[in-house]
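Undergrad: Structure provided below as structure tokens; questions to follow.
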Amino acid sequence: MGNLFQLFSVLLNWSKGVPRSRATIVFAILAGGVAGVCSTALIAVINAALAGNSSNRVLISEFIGLCIIIPVAGFLSQSLLVRLTAQAAHHLRLQLSHQILDARYRMIEELGIHRLLATITDDIPAVTNAVTSLPLLGTQLFVMLGCLLYLGWLSWPLLLLVIGYMFIGLLTHHFPTQRSFHYFQLMREEWDAMFKGVRGITEGNKELKLNRNRRNAFVSRQLVPPVEGIKTYGMRANTIALAASNWGQILFFIFIGLVLFLTPVLLSVSRQVLTGYTLTILFMITPLTIILNNLPILGRAQVAAEKVRKLGLSLAASQLASPAGAGAANHSWRRLELNGITHAYQSEGQAEEFSLGPVDLTFTPGELVFLIGGNGSGKTTLAKVIMGLYEPERGQICLDGKPVTAADRDDYRQNFSVVFSDFYLFDQLYGVDSHELERHGQEYLRALKLDHKVRIEEGKFSTTELSQGQRKRLALLAAYLENRPIYIFDEWASDQDPTFKQIFYYRILPELKRRGKSVIVISHDDRYYDLADRIIKLEHGQIEYDRHLIEETIAVSTSTTSVM
């Protein structure tokens, strides 16, 4: 029963964002109560008829009326709660999606995509399915409550024995139910691990196909253990829950025997009372069976609801201010400064903490900056700090002298267009100005040699089923059309052929510079370093040097002239 009330509490919390939810719940409870009371009244009518009043016209009228009212009230109660449940689940999915979007990026990385996917694809449906059964279970509870009231009306002394017996029965039922709940929790933990394995199968499919030893080891170490755990814990949880359910039915049958054979010895009760008790208890078996058979679903849902709650709290704890209005870039900016910036983090599975900084840098419009360094030197981390995805532990980022705070960090991020090395290509050009799209969309497709493969139709790419290099060119096009004041490219040219590398370095980057954009390029292509205005080299999270090539060229030229 505890699971049922806890899930009803979950429904109450979920429904807070649903209009008129409280009124819906009240009407649903009232309608369920009417169905339960009328079901009890129907038993009383049947009991009266069995006592020899079957020809009474009043009883016949009551019987017909109750047979109509019970299904109508039950339908009304269930339909109201089904509607509320659907709206609450809809609200929760959107709320969780917004929390993910508004949470700090570092928190999303630490949680892991597999955990988020497990919650969205498994936990929310599990709770929704269980909550969908609440209308039926609520009606059955009202029926049982009504039956108990009727039993009290027949004989209060006997009802006290019934309540005592039920209390003992609930205690004996509680312990296996809790054990079942424990196994459901263990099973849910295995789901996170399994989703991580599934990601490995899908995202690392090529690598696994090419190496049989790696494939076999991955399956045996990463996939088989959680799948086995889900099977084992699931079987144990459901077996114990089913045993508890059947134990509950056995207790009821024992109780019927006690009423029929022991009660007449202990208490002086009439045959009509015994008949009424027997009939009512037999009637209660159906609602009890429905409730007990749903206990495994409720237990699984309770675990899922706790996961959703914890994830929601984790995301909420890391939430940033996210303005509702359209993001506007500051095209009139003049100076971006990083003053004493430090950032440290520990990647999953790594013992040592990586530390960036302290970093002091300044960027200005119309500047082409190359960010270089070995793998793991902190280039991408620094880029994410610059664009506002990572928050510095110390120091300040200032735009035109104004410090960037948590309250305006989302506004600050609207100044950047970025193509990441692990970019995601959307099939639609979301957030791109339609005028900009009409003016330059096809022009950029032709420039990137994609016009024979892709068309832009109503703000949507006709296809994204392309090679990695071509997809990266589409991502570049999308960033280009955003027309933001600062561009960051993370190893964009690494998987491009020589022709497109030259287009990128000799055509696209200089054009962005001519348009007054500040461009930061993470690159290992040393043959193109002479195109940069500045080269910043990182090593172990520290700036090894920040060379201004134009100033050095001017200095060398001046020196040569003076010598001559």
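Numbering (the numbering used here), first residue to last: 148 to 711.
Where is the CB? At the ideal position from N, CA and C, for every residue including glycine.
Between which two residues does the alpha helix (DSSP H) harbouring His320 extend?
TA: Taking the sequence shown and counting its residues from 1, one reaches residue 320 at position 173. Counting along the chain, the alpha helix (DSSP H) containing His320 begins and ends at Trp303 to Glu350.
Undergrad: Whose C-beta lies closer than 7 Å to the C-beta of Gly347 among residues of the same chain, with five residues either side of it excluded?
TA: To locate residue 347, count along the sequence shown from 1; it is residue 200. The residues are Phe365 and Gln369.
Undergrad: Take Thr707 and list the residues in its own chain whose beta-carbon comes closer than 8 Å to its own, dropping the five residues that flank it on each side.
TA: Counting from one through the sequence shown, the residue named residue 707 turns up at place 560. Low per-residue confidence applies at Thr707: pLDDT is 45, beneath 50, and the placement is therefore not dependable enough to give any value.
Undergrad: Could you have a look at His490 and say whether DSSP puts it in helix, strand or coil?
TA: As a working mapping, residue 490 is identified with position 343 in the sequence shown. Looking at His490 - three-state DSSP - the assignment turns out to be strand.
Undergrad: So for Asp598, helix, strand or coil by DSSP?
TA: As a position in the sequence shown, residue 598 is number 451, starting the count at 1. The answer is coil: DSSP assigns Asp598 none of H, G, I, E or B.
Undergrad: With respect to the beta strand (DSSP E) encompassing Glu686, which residues constitute its N-terminal and C-terminal limits?
TA: Sequence index remark: in the sequence shown, residue 686 carries index 539 (1-based). From DSSP, the beta strand (DSSP E) with Glu686 extends over Arg681 to Glu686.
Undergrad: State the CB to CB distance for the pair Thr232 and Thr275, rounded to an integer number of angstroms; the pair is presumed to be in contact (CB under 8 Å).
TA: Start at 1 with the first residue of the sequence shown, and residue 232 comes out as number 85. Start at 1 with the first residue of the sequence shown, and residue 275 comes out as number 128. Indeed, because the Cβ distance is near 7 Å, the residues count as touching under 8 Å.
Undergrad: With distances taken Cα to Cα, identify the nearest neighbour of Glu256 among Lys531, Ser670 and Ala622.
TA: On the sequence shown, position 109 is the one that residue 256 refers to. When each option's Cα is compared against that of Glu256, the closest is Lys531.
Undergrad: For Met341 and Lys596, I'd like the C-alpha separation in whole angstroms.
TA: As a working note, residue 341 is residue 194 in the sequence shown. As a working note, residue 596 is residue 449 in the sequence shown. C-alpha separation (whole angstroms): 41 Å.
Undergrad: Between which two residues does the beta strand (DSSP E) containing Arg694 stretch?
TA: For this step, residue 694 is matched to residue 547 along the sequence shown. Note, Arg694: beta strand (DSSP E), Gln689 to His695.
Undergrad: Going by DSSP, what residue range makes up the alpha helix (DSSP H) through Phe501?
TA: Stepping through the sequence shown from its first residue, residue 501 is reached at position 354. Here Phe501 belongs to no alpha helix (DSSP H); instead the beta strand (DSSP E) covers Phe501 to Phe510.
Undergrad: Which residues bound the beta strand (DSSP E) around Tyr634?
TA: Here residue 634 is taken as the residue at index 487 of the sequence shown, counted from 1. From DSSP, the beta strand (DSSP E) with Tyr634 extends over Ile633 to Asp637.
Undergrad: Can you tell me where the beta strand (DSSP E) holding Ile669 begins and where it ends?
TA: Locating residue 669 in the sequence shown gives position 522, counting from the first residue. From DSSP, the beta strand (DSSP E) with Ile669 extends over Ser665 to Ile669.
Undergrad: Cα separation between Ser208 and Cys214?
TA: As a position in the sequence shown, residue 208 is number 61, starting the count at 1. As a position in the sequence shown, residue 214 is number 67, starting the count at 1. Taking the straight line joining both Cα atoms gives about 10 Å.
Undergrad: Arg618: which of Val601, Pro323 and Gln287 sits nearest, CA to CA?
TA: Counted from its first residue, the sequence shown places residue 618 at position 471. Measuring from the Cα of Arg618, the nearest candidate turns out to be Val601.
Undergrad: Buried or exposed: where does Trp300 fall if 16 or more other Cβ atoms within 10 Å of its Cβ makes it buried?
TA: Locating residue 300 in the sequence shown gives position 153, where the first residue counts as 1. With fewer than 16 Cβ atoms within 10 Å of its Cβ, Trp300 is classed as exposed.
Undergrad: Hey, how far is the Cα of Gly395 from the Cα of Leu413?
TA: Translated into the one-based positions of the sequence shown, residue 395 becomes position 248. Translated into the one-based positions of the sequence shown, residue 413 becomes position 266. Each residue's alpha carbon lies about 24 Å from the other.
Undergrad: May I ask you to report which of helix, strand or coil DSSP gives Ala250?
TA: Taking the first residue of the sequence shown as position 1, residue 250 is located at position 103. Strand at Ala250.
Undergrad: May I have the straight-line CA-CA distance separating Leu445 from Ala277, to the nearest angstrom?
TA: Position 298 of the sequence shown, counting from 1, holds the residue named residue 445. Position 130 of the sequence shown, counting from 1, holds the residue named residue 277. In a straight line, the C-alpha of Leu445 is about 6 Å away from that of Ala277.
Undergrad: Measuring alpha carbon to alpha carbon, tell me which residue in Arg251, Asp270, Leu227 and Val551 is nearest Thr171.
TA: Taking the first residue of the sequence shown as 1, we reach residue 171 at position 24. That would be Leu227, whose Cα lies nearest to the Cα of Thr171.
Undergrad: I need the straight-line Cα distance from Gln287 to Gly344, nearest angstrom please.
TA: As a first step, residue 287 is located in the sequence shown; it is residue number 140 there, counting from the start. As a first step, residue 344 is located in the sequence shown; it is residue number 197 there, counting from the start. Rounded to the nearest angstrom, the two C-alpha atoms are 41 Å apart.
Undergrad: Measuring CA to CA, which of Val566, Arg556, Lys526 and Ile533 is closest to Leu685?
TA: Residue numbering aside, residue 685 sits at position 538 when the sequence shown is read from its first letter. It is Lys526.
Undergrad: Taking only the alpha-carbon atoms, compute the straight-line gap between Leu186 and Ile377 and give it to the nearest angstrom.
TA: For this step, residue 186 is matched to residue 39 along the sequence shown. For this step, residue 377 is matched to residue 230 along the sequence shown. As written in the sequence, residue 186 is Ser, which differs from the Leu given in the question. Going by the C-alpha atoms only, they are around 41 Å apart.
Undergrad: Please state the DSSP three-state secondary structure of Thr708.
TA: On the sequence shown, residue 708 is found 561 positions in, with the first residue counted as 1. For Thr708, the predicted model reports a pLDDT of 43, less than 50, meaning its position is unreliable; a value from the coordinates is still stated below. Looking at Thr708 - three-state DSSP - the assignment turns out to be helix.
Undergrad: Quick check on Ser392: buried or exposed, where buried means 16 or more other Cβ atoms within 10 Å of its Cβ?
TA: Mapped onto the sequence shown, residue 392 falls at position 245. The residue in question, Ser392, is buried, as its Cβ has 16 or more Cβ neighbours within 10 Å.
Undergrad: To which residues of the same chain is Ala626 closer than 6 Å at the C-beta, ignoring the five residues directly before and after it?
TA: Within the sequence shown, residue 626 is the residue found at index 479, counting from 1. The answer, listed in chain order, is Ser564 and Val566.
Undergrad: With burial defined as no fewer than 16 other Cβ atoms inside 10 Å of the residue's Cβ, what is the status of Asn352: buried or exposed?
TA: The count along the sequence shown starts at 1 and reaches residue 352 at position 205. Asn352 comes out exposed.
Undergrad: Ordered along the chain, which non-local residues of its own chain (more than five positions away) have a Cβ less than 6 Å from that of Cys545?
TA: Position 398 of the sequence shown, counting from 1, holds the residue named residue 545. Taken in chain order, the residues that qualify are Glu484.
Undergrad: Could you tell me whether the Cβ atoms of Ser614 and Phe517 are closer together than 7 Å?
TA: Translated into positions along the sequence shown, residue 614 becomes position 467. Translated into positions along the sequence shown, residue 517 becomes position 370. Contact: no.
Undergrad: What residues are listed by DSSP as bridge partners for Leu518?
TA: Position 371 of the sequence shown, counted from the start, is the residue given in the question as residue 518. Answer is Ile669 and Ile683.
Undergrad: Is the beta carbon of Val205 within less than 6 Å of some heavy atom of the ligand ATP?
TA: Absence of the ligand ATP from the depicted structure is noted, as is the absence of any ligand whatsoever, leaving it without description.
Undergrad: Can you look up Leu239 in the DSSP assignment and give me helix, strand or coil?
TA: One-based indexing of the sequence shown puts residue 239 at position 92. Leu239 falls in the helix class under three-state DSSP.
Undergrad: With DSSP collapsed to three states, give me the class of Gln615.
TA: In the sequence shown, counting from the first residue as 1, residue 615 sits at position 468. If DSSP states are grouped into helix, strand and coil, Gln615 belongs with the helices.
Undergrad: Hey, quick one: how far does the beta strand (DSSP E) through Val420 stretch, first residue to last?
TA: Stepping through the sequence shown from its first residue, residue 420 is reached at position 273. Val420 -> not in any beta strand (DSSP E); alpha helix (DSSP H) instead, spanning Arg418 to Asn440.
Undergrad: Under a three-way DSSP split, which group does Pro645 fall into?
TA: The residue you call residue 645 lines up with position 498 of the sequence shown. In the structure shown, Pro645 sits in a helix (DSSP, three-state: H, G or I).
Undergrad: If you follow the alpha helix (DSSP H) that Arg556 is part of, which residue opens it and which one closes it?
TA: Stepping through the sequence shown from its first residue, residue 556 is reached at position 409. From DSSP, the alpha helix (DSSP H) with Arg556 extends over Arg556 to Arg560.
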